[in-house]
Amino acid sequence: MSQINVRVDGASYTDDVEPRTLLVHYLREQLGKVGTVVGCDTSNCGACTVHLDGEAVKSCTVFAVQADGCEVTTIEGIGADGALHPMQKAFHEMHGLQCGFCTPGMIMASIDLVNDNPDPTEDEVREGIEGNLCRCTGYQNIVRAVQQAAGEMHGRSAGATETLGAQS
Amino acid sequence: MTVTENAAELAPAKEVGQPRRRKEDARLITGRTTWTDNMVLPGMLHLAVVRSPVAHAKITSVDLTAAQQAPNIVAVFSGRDFAEEQGSIPCAWPVTPDMVNPGHPSIAVDEVNHVGEAVAIVVARSKAAAQDAVELVDIDYDVLPPVLDLETAVQDGANLVHDQLASNTSYHFVFDAGDAGTGADTDQAFADAEVVVSRRFVQQRLIPAFMEPRSVVVQPQGDNVTMWSSTQVPHVLRVMLAMVTGVPEHKLRIIAPDVGGGFGGKLQVNPEEVLSLLVARRLGKPVKWTETRSESLMAAHHGRGQVQYIDVAADREGNVKGLRVRLLADMGAYLRLITPGVPALGAFMFPGIYKFPAYRFECDGVFTNKVPTDAYRGAGRPEATFAIERIMDELAVELDMDPLELRRKNWINAEEFPFTTVAGLEYDSGNYDMATEQALELLGYDELRAEQQQRRQSGDPVQLGIGFSTFTEMCGLAPSRVLGSLAYGAGGWESASIRMLPTGKVEVVTGSTPHGQGHETAWSQLVADQLGVPFEDVEVLHGDTAVSPRGMDTYGSRSLVVGGTAVVKAAEKVVAKARKVAAHLLEASEDDLDFSAGKFNVRGTPGAEVGIQEIALAVFAAHNYPEGMEPSIDAEATFDPVNFSFPHGTHICAMEVDTETGMVKIRKYASVDDVGVIVNPLIVEGQIHGGLAQGIAQALYEEAVYDADGNLTTGSFVDYLVPSAADLPHFDTGNTVHAAPGNPIGAKGVGEAGCIASTPAVVNAALDAVRHLGVSDILMPLTPERVWRAIHHGGDGGDRATAGTNAYGGAQTESTAGVSTDASLGGEL
């Protein structure tokens with residue numbers, strides 16, 4: 018067992034973990050942060066994406082001990098004062114989710130993408146989230162959501178995106 | 006009660022048709038979801054399943070000692086421990102009276118029949134401890150030759166999957182339109198035909214690959230058992246588990262909490278659900294089982310898996326005269342819930358939208374040493390649609406006709422609805438020409454055809470092709486009497502009830518269990534319109550057999566068409582009951598009351614009105630209500646449709662094919678779907694997008710590949726290529742609207758349409774790009790390797806990888822047998 022100190026979604030934790038424990042298992046099983054989910058065994062699907070010191074990581078490829086001394090943000094910690102993060106709001110507005118299982122990871126990866134690229138084109142969004150799999154949406158509305166959120170996160174008007182349900 | 010006073014003003018004019026943002030989203034975008042694997046119960050134990058590493062073998066010895074002695078292990082079981090009580094996974098669809106069902110143990114006792122079959126169960130204090138001990142279970146196998154290839158499996162003297170059976174054939178299902186009285190004699194039609202085109206198409210095995218791995222939690226409490234499961238079908242599961250395990254149905258409660266996708270893959274009674282229940286009952290402790298992704302790909306049921314021999318007869322002018330289909334359908338090792346029914350359901354869709362005078366369908370269900378197949382998005386209909394839409398293109402080539410002109414010549418015209426097809430189905434409504442015209446416009450057809458011509462003339466290494474799919478499908482499963490005539494084991498009705506709460510809020514209970522479709526939103530829209538209450542005042546409850554006692558769940562694009570109609574019918578009953586109370590309170594005759602925007606008004610007497618939400622409070626107080634009536638306006642309804650609904654549409658794909666590398670790229674994809682009246686355009690568009698993604702994935706990316714020993718070589722997301730955002734194009738989608746006459750909403754199903762329609766459009770497009778280079782077929786998925794080989798070496802592209810490469814399967818999967826030759830494989834490459 019190794020002792021780690023981490024801040025997760027603004028609270029500090031000190032825990033003993035097995036060296037082999039993955040960050041995602043630590044979050045889910047020891048902290049009860051079940052908003053972050055496991056979708057595969059091979060770091061392909063990205064459902065477990067969280068922010069480690071502000072950068073998106075797949076928490077199934079990080080050992081809990083590697084997060085020692087770090088700041089972890091999960092889907093449960095991105096809204097400020099009970100309000101939704103612009104990315105969460107955009108996924109809702111643009112119907113960027115159906116079953117919602119990939120959504121926490123998809124949102125966390127998308128926030129990181131927009132932090133790096135404030136105004137991504139459609140192709141840049143598609144390339145940027147290719148490490149996150151969604152089986153329901155066909156991605157089109159996710160792309161719309163990311164572009165809308167990018168606008169809001171960087172102070173541009175959100176009105177530029179196309180109207181949903183207009184079927185084009 | 007001020008809370009209800011402004012109800013009518015708050016309610017919008019009409020909810021149906023509005024792109025309402027989903028109610029479901031709030032918990033999903035914030036990580037406040039109740040996935041089954043999130044459940045933690047005091048004293049809960051964790052299961053890990055030990056799985057067979059061989060495809061076909063007798064179990065000669067089982068040694069659990071080392072695993073039992075490992076730390077934190079509570080129990081270890083082999084198949085022998087449950088041999089007497091496990092029964093068989095039920096098969097609800099014996100498609101023929103003489104269908105052979107060898108039985109499907111949840112855990113192998115004496116023999117294993119596919120890689121990944123459960124052979125032992127480890128029960129531990131933690132998931133990690135259980136996984137660790139899996140390695141310590143020691144089982145010896147006497148290996149038998151695996152049966153993997155469909156065409157080999159049906160030959161005389163073939164190795165047998167089940168040695169107690171006479172052959173590998175489970176059933177032989179025939180639909181002959183001549184015999185059924187729905188068409189002419191097929192043999193005669195072919196004998197008289199001027200042109201006959203015959204093809205062999207392969208539907209590769211696919212994996213549903215829902216994002217949430219399957220998970221089960223079971224809590225035994227005295228005689229009662231509660232199961233949480235990531236399932237599409239809690240109601241079906243409850244009945245079936247009661248029958249299999251002997252737990253009385255009324256002692257068994259099934260809860261499907263938030264479920265992360267299904268696509269047919271969670272329409273099942275899973276071995277692991279049975280085993281979790283048996284272990285929990287044996288130990289008297291709550292247990293949890295959650296699969297890994299590789300377990301999911303290996304042991305959850307697959308879809309598709311057919312070899313299709315299809316012949317079309319026509320005259321020289323392009324009028325179709327007959328259709329003949331013979332299928333070999335891969336059952337896998339056992340029959341699960343509706344394994345045999347999937348290809349049989351497809352039987353009725355091969356004629357597509359065309360007026361064939363004669364039709365004969367035959368299907369052999371064939372056992373192989375692979376995981377069982379069962380429903381996957383479309384379930385029988387994508388296979389049929391692929392075959393007919395592909396061969397219409399081949400016929401057009403043979404006749405030197407434009408593929409769209411050939412289709413137009415033969416499809417059902419708008420004025421001919423309702424139209425009874427040669428397969429005996431009554432297509433309800435539609436206009437194929439209108440959808441096609443709109444799709445052509447959406448695509449920018451003329452410009453792309455001109456560009457294709459240009460590229461061809463200039464010898465551009467990147468060629469362009471355009472492919473069509475003009476399709477229909479049968480959905481809204483299903484009229485119970487029809488299911489009965491097809492020997493299906495249950496009905497196709499759906500149930501709903503509406504509870505009017507004292508504060509005027511409304512609870513809607515639906516038997517249709519969602520897993521991403523947005524029922525909570527769409528049902529709220531329906532009820533808001535029916536009752537004239539605000540959208541926000543409606544709560545939709547589902548997925549728990551204690552809350553929603555009757556239901557047939559979600560599959561076959563049935564929820565809105567059948568389940569939504571049940572909701573509307575229940576609402577009509579609520580209004581009828583409320584009308585009696587309103588008449589009493591307003592001291593008026595029922596006949597003099599109008600109901601609109603949630604209020605009953607006495608006709609001609611302004612101000613004499615009472616709202617339905619006020620009536621809910623009035624009957625709660627029950628101080629003043631009509632004699633002879635119960636003090637309640639709650640109601641329930643069960644709807645059993647009289648016909649399927651038949652969405653249709655035209656999908657057009659424009660595809661670039663790089664002849665030097667074999668890379669294909671969708672340049673543009675346009676689809677116009679007619680799904681009847683649209684309740685929520687946002688949800689409809691999303692369903693189409695998702696269906697398109699999965700249909701395109703079959704054409705371009707996905708295949709469950711087994712090697713020569715029966716190992717699944719695509720056992721992780723590294724090898725099984727679920728497409729990412731970068732692998733898919735932007736979709737240009739549109740709708741035409743022809744209301745379904747079979748339900749009061751006018752809706753047709755939408756969940757499977759995109760998946761059914763898109764696959765042949767994509768393959769037809771690729772072939773259109775390279776047909777002038779001598780290519781007439783390429784096996785799916787269209788990997789660059791296959792496309793390159795087909796262009797440069799002829800044939801259909803052969804196996805998906807050459808010997809010696811990582812993805813090489815070794816030989817003889819159903820997608821390669823009888824197809825690959827040394828030449829088509831590229832010789833010594």
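Protein chains in written order, with the working numbering: chain A, 18 to 185; chain B, 6 to 834.
Where a beta carbon is used, it is the ideal one built from N, C-alpha and C, also for glycine.
Since this is a predicted model, take the numbers as computed values, not measurements.
Check                                                                                                                                                                                   : Outcome
From the DSSP output, read off the bridge partner residues of A:Cys-34.                                                                                                                 : Residue identity differs from the one stated: residue 34 of chain A is Val in this sequence, not Cys. Answer is A:Ser-19.
Would you kindly work out how many angstroms separate the C-alpha atoms of A:Glu-93 and B:Phe-422, rounded to a whole number?                                                           : 53 Å
Tell me which residues of the stretch 117–137 of chain A have at least one Cβ-Cβ distance to chain B shorter than 9 Å, keeping chain order.                                             : Gly-117, Phe-118, Cys-119, Thr-120, Pro-121, Ile-124
For B:Arg-699, does the count of other Cβ atoms within 10 angstroms reach 16, so buried, or fall short, so exposed?                                                                     : It should be pointed out that residue 699 of chain B corresponds to Gln in this sequence rather than to Arg. With 16 or more other Cβ atoms within 10 Å, it is buried.
Check whether chain B comes within 8 Å of A:Ile-21, counting only Cβ atoms and requiring the distance to be less than that.                                                             : no
Less than 6 Å between C-beta atoms, sequence neighbours within five positions excluded: which residues of the same chain meet that for B:Thr-826?                                       : Note that B:Thr-826 scores 39 on pLDDT, short of 50, meaning its location in the model is unreliable and no value can be drawn from it.
Is it the case that the Cβ atoms of B:Gln-753 and B:Cys-480 are separated by a distance below 8 Å?                                                                                      : One detail in the question is off: residue 753 of chain B reads as Lys in this sequence, not Gln. Going by C-beta atoms, B:Lys-753 is nearer than 8 Å to B:Cys-480.
In this structure, does DSSP put B:Thr-295 in helix, strand or coil?                                                                                                                    : strand
Given that B:Gly-43 touches chain A, what residues does it touch there, using C-beta distances under 7 Å?                                                                               : It is worth fixing the name first, because residue 43 of chain B is Asn in this sequence and not Gly. Those within 7 Å of B:Asn-43 in chain A are Val-51.
Starting from B:His-589, trace the beta strand (DSSP E) both ways and give me its first and last residue.                                                                               : Looking at the DSSP string, B:His-589 is not in any beta strand (DSSP E); the run it does join, the alpha helix (DSSP H), is 570–591.
Report the partner residues of B:Gly-221 according to the DSSP bridge assignment.                                                                                                       : Reading off the sequence shown, one finds Val at residue 221 of chain B, where the question assumed Gly. According to DSSP, B:Val-221 bridges with B:Ser-234, B:Trp-294.
For the stretch 698–721 of chain B, which residues have a CB atom closer than 8 Å to at least one CB atom of chain A, in sequence order?                                                : Ala-698, Gln-699, Ser-721
So, are the CB atoms of B:Lys-375 and B:Gly-108 less than 8 Å apart?                                                                                                                    : no
How big is the Cα-Cα spacing for B:Gly-556 and B:Ser-500?                                                                                                                               : 6 Å
Determine the chain A residues that contact B:Trp-40 at a beta-carbon separation under 9 Å, and present them in chain order.                                                            : Val-51, Val-54, Phe-118
Can you tell me whether B:Phe-540 is helix, strand or coil according to DSSP?                                                                                                           : helix
Which chain A residues sit within Cβ distance under 7 Å of B:His-520?                                                                                                                   : Cys-116
Under DSSP, the beta strand (DSSP E) around B:Arg-258 begins and ends at which residues?                                                                                                : 257–260
How should B:Glu-122 be labelled, buried or exposed, when 16 other C-beta atoms within 10 angstroms of its C-beta is the threshold for buried?                                          : buried
Quick one: grab the DSSP three-state call for A:Val-54.                                                                                                                                 : coil
Measuring only the C-alpha atoms, how far is B:Gly-569 from B:Gln-535?                                                                                                                  : 12 Å
Reducing DSSP to helix, strand and coil, say where A:Ala-107 ends up.                                                                                                                   : helix
Since B:Phe-644 sits in a beta bridge, which residues does DSSP pair it with?                                                                                                           : B:Glu-499
Indicate the three-state DSSP secondary structure (helix, strand or coil) for B:His-263 in the structure shown.                                                                         : The question names His, but residue 263 of chain B in the sequence shown is Asp. Note: B:Asp-263 maps to strand in three-state DSSP.
Using CA atoms only, rank isn't needed, just tell me which of B:Glu-156, B:Gln-208, B:Arg-243 is closest to B:Val-223.                                                                  : B:Arg-243
Quick check for students: name the residue ranges of the alpha helix (DSSP H) that lie wholly in the stretch 721–780 of chain B, counting only runs of 4 or more.                       : 758–775
By alpha-carbon positions, which one of B:Ala-583, B:Trp-98, B:Val-45 ends up nearest to B:Glu-595?                                                                                     : B:Ala-583
Could you name the residues of the same chain whose beta carbon sits closer than 7 Å to that of B:Asn-173, not counting the 5 residues immediately before and after it, in chain order? : Val-152, Ala-158, Val-159, Ala-163, Leu-165, Val-166, Val-371, Phe-372
Please report the residue range of the beta strand (DSSP E) in which B:Gly-308 lies.                                                                                                    : 308–319
Residues of chain B with CB closer than 7 Å to the CB of A:Ala-64, please, in chain order.                                                                                              : Met-216
Hey, would you say A:His-109 sits closer than 8 Å to B:Arg-25, going by beta carbons?                                                                                                   : no
When the cut-off is 8 Å and only beta carbons count, does B:Ala-444 lie next to chain A?                                                                                                : no
Start and end of the beta strand (DSSP E) containing B:Gly-327?                                                                                                                         : 325–337
Is any beta-carbon of chain C found at less than 8 Å from that of B:Phe-422?                                                                                                            : In summary, chain C is missing from the structure at hand, where the protein chains are A and B.
If you measure beta-carbon to beta-carbon, which residues of the stretch 235–258 of chain B are closer than 9 Å to chain A?                                                             : none
List, from N- to C-terminal side, the alpha helix (DSSP H) runs of 4 residues or more that fit wholly inside the stretch 422–465 of chain B.                                            : 437–448, 450–463
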